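Quick note on the working numbering: the sequence shown kicks off at 422 and runs consecutively. Cβ coordinates follow ideal geometry from the N, Cα and C atoms, glycine included. Fair warning: this is a prediction, and the values are worked out from it, not measured in the lab. Notes for the one structure printed next.
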Amino acid sequence: MSRLQEVKKVTKEWLSENINILKQENISLEVLIDNENCLRILLETKDKMGEILVEEPSFAPYKNFKFQI
């Protein structure tokens, strides 16, 4: 399993384990992309938005995982 696939797996497991917390906080979760090269998840509340992005970086200070608010 590649490093990218490992990070995607851990991310999905974490979200699955914490889905009740997201629901309690009224955070909606939408998987926009889930393929071999990328996992992109949108997190939204009534007035805030965030994104989890797992992919091979083309140029970035992070490696494989990005959480943007």
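Length of the line joining the Cα atoms of residue i and residue j
| i | j | result |
| --- | --- | --- |
| S423 | D468 | 36 Å |
| N412 | I448 | This structure cannot speak to residue 412, because the chain is shown only from 422 to 490. |
| R461 | Q445 | 22 Å |
| V431 | V452 | 15 Å |
| L464 | S479 | 23 Å |
| L425 | L436 | 17 Å |
Element boundaries [alpha helix (DSSP H), containing residue i]
| i | result |
| --- | --- |
| E427 | 424 to 438 |
Beta-ladder partner(s) of residue i, from DSSP
| i | result |
| --- | --- |
| N447 | In DSSP, N447 forms no bridge with anything. |
Local Cβ density within 10 Å of residue i, reported as buried at 16 or more and exposed below that
| i | result |
| --- | --- |
| I473 | buried |
- Can you check the stretch 448 to 482 for any beta strand (DSSP E) of at least 3 residues that lies completely inside it and give the ranges in chain order? The stretch 448 to 482 contains these whole beta strand (DSSP E) runs: 449 to 456, 459 to 465, 470 to 476.
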